[in-house]
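Structure first, commentary second.
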Amino acid sequence: MPELPEVETTKRGIAPHIEGQQISRVSIRDFRLRWPIEESLAAWAQDQTIHSVERRSKYLILNLDSGALLIHLGMSGNLRVLFDDPTPNKHDHFDIELSNGTRLRYHDPRRFGAFMHTVEPVEQHALITHLGPEPLTDAFTSDYLYQCSRKRKTKIKTLIMDAKMVVGVGNIYANEALFLAGIYPHKQAGRLTKAEAVALAESIKQVLAKAIEQGGTTLKDFVGGDGKPGYFAQSLNVYGRAGLPCLVCGTLIKEMRTANRSTCYCTQCQPS
DNA sequence: AACGGCACCTGGTCGC
DNA sequence: TGCGACCAGGTGCCGT
Numbered sequence: 001m002p003e004l005p006e007v008e009t010t011k012r013g014i015a016p017h018i019e020g021q022q023i024s025r026v027s028i029r030d031f032r033l034r035w036p037i038e039e040s041l042a043a044w045a046q047d048q049t050i051h052s053v054e055r056r057s058k059y060l061i062l063n064l065d066s067g068a069l070l071i072h073l074g075m076s077g078n079l080r081v082l083f084d085d086p087t088p089n090k091h092d093h094f095d096i097e098l099s100n101g102t103r104l105r106y107h108d109p110r111r112f113g114a115f116m117h118t119v120e121p122v123e124q125h126a127l128i129t130h131l132g133p134e135p136l137t138d139a140f141t142s143d144y145l146y147q148c149s150r151k152r153k154t155k156i157k158t159l160i161m162d163a164k165m166v167v168g169v170g171n172i173y174a175n176e177a178l179f180l181a182g183i184y185p186h187k188q189a190g191r192l193t194k195a196e197a198v199a200l201a202e203s204i205k206q207v208l209a210k211a212i213e214q215g216g217t218t219l220k221d222f223v224g225g226d227g228k229p230g231y232f233a234q235s236l237n238v239y240g241r242a243g244l245p246c247l248v249c250g251t252l253i254k255e256m257r258t259a260n261r262s263t264c265y266c267t268q269c270q271p272s
């Protein structure tokens, strides 16, 4: 589910309610996420104050007094702020209860997400250190993308979804960015022209920024921290539109597989 | 080193 | 109505 815009939307939704609050209790109902939640996490976090909430790649980082909590939403996770204590539903795996009476509740049917803590600076965490630049910062430029693509035989779609190259671009936005840039998804990365790199870097930034403005993409069950869905789905040009006419030229959108993920594209607008 | 493929897990949908 | 096959927003790890 959550790519960068959905995680950013979650961050913005929860931050005002939890920053400055003290954690009164962490209650974990199911420890079986992608990696088992450490037994010591709840006691470690209790009574610490949440000083700030950050996003790095698709990780949410809650900075505490003596370290940080890292939360990843996996494929099907969401995190919401609750102002009372409704009975947990199936797949509501943990709550972070706050001293002001609110709580953050994590819901994740597929349990691909993660909940971890670290006392090291987060940048040094094993899952964070090898990540590429944030796409919406000046660290991600067309020159950088162009250089990364040189001599690479992999498909351009695979490259832009590789978090070691740039973070946050998942399957939906990879499809959309390639469409906006007019690039065939299976083009060999090393064959990208300079002009194409310029268009693609710009398209990645544009599609992510616009999706954040819209509160993310809700296909099925994504909700932001306030429990509301995102509205970017109505702006999708190709993702989920196989067999439908291209919104630009009318050609029927085609679908193929890329590294076991579905790729939708327009043969006219994104010629091979 | 780079690349492709697989696994992890639940639930929804589709065809028989 | 039931059942199996297949698919889904991510990503670490494995073998080649």
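Sequential numbering of the first sequence, starting at 1, is according to the UniProt record's numbering.
Even glycine gets a Cβ: it sits at the ideal position worked out from N, Cα and C.
Residue interval of the alpha helix (DSSP H) (run including residue i)
| i | result |
| --- | --- |
| V207 | 194 to 213 |
| S27 | Premise fails: S27 lies in the beta strand (DSSP E), 23 to 28, not in any alpha helix (DSSP H). |
| L79 | From DSSP, L79 is part of no alpha helix (DSSP H) but of the beta strand (DSSP E) over 78 to 82. |
| A13 | Residue identity check: residue 13 is Gly in the sequence provided, not Ala. Run containing G13: 4 to 18, per the alpha helix (DSSP H) assignment. |
| Y173 | 171 to 181 |
| A43 | 41 to 45 |
Own chain residues within Cβ distance below 6 Å of residue i, not counting five before or after
| i | result |
| --- | --- |
| G13 | G224, G225, D226 |
| L247 | N237 |
| E6 | G216, F222 |
| F31 | I37 |
| G170 | E3 |
| H125 | T118 |
| H107 | N78, H91, D92 |
| G113 | L33, H72, L73, G74, G77 |
Residues bridged to residue i [DSSP beta-bridge criterion]
| i | result |
| --- | --- |
| C264 | E255 |
| K155 | Q188 |
| R56 | Y59 |
| H72 | Y59, A114 |
| G67 | L64 |
| Y239 | Beta-bridge pairing links Y239 to no other residue. |
| A144 | Looking at the sequence itself, residue 144 is Tyr, so the reference to Ala does not match. Paired residues: none, contrary to the question. |
| D92 | H107 |
| P245 | L252 |
| T218 | Per DSSP, none; premise fails for T218. |
| T49 | Q22 |
Sub-7 Å separation of residue i and residue j beta-carbons
| i | j | result |
| --- | --- | --- |
| V26 | A15 | no |
| F83 | I28 | no |
| F179 | A211 | no |
| L69 | H117 | yes |
| G190 | M165 | no |
| A199 | A174 | no |
| Q214 | G230 | yes |
| L64 | T10 | no |
| L145 | A197 | yes |
| E8 | R55 | yes |
| N89 | Q21 | no |
| Q268 | C249 | yes |
| H17 | V81 | yes |
| Q188 | K153 | yes |
Neighbourhood of residue i by C-beta distance below 8 Å, restricted to the same chain and skipping five residues each side
| i | result |
| --- | --- |
| A209 | L136 |
| H186 | K155, I156, K157, M256, T258, T263, S272 |
| A139 | P133 |
| T141 | A201 |
Boundaries (first-last residue) of the beta strand (DSSP E) holding residue i
| i | result |
| --- | --- |
| T129 | First-last for T129: 126 to 129, but that is the alpha helix (DSSP H), not the beta strand (DSSP E). |
Same chain, Cβ closer than 7 Å to residue i, five either side skipped, listed in chain order
| i | result |
| --- | --- |
| I96 | I23, V26, R103, L104 |
| E176 | V207, L236, N237, V238, Y239 |
| S52 | E19, N63 |
| R110 | G74, M75, S76 |
| R150 | G190 |
| S203 | A177, L180, A181 |
| S57 | L131, A163, V167, G168 |
| S261 | The sequence shown places Arg at residue 261, not Ser. Correct list, in chain order: N171. |
| A45 | I23, V26, L64, L69, H117 |
| G243 | L252, I253 |
Could you tell me which uninterrupted beta strand (DSSP E) segments, each at least 3 residues in length, are contained entirely in the segment 95 to 142, listed from first to last along the chain?
-> Taking only runs of at least 3 residues, the beta strand (DSSP E) segments lying wholly in the segment 95 to 142 are 103 to 107, 114 to 118.
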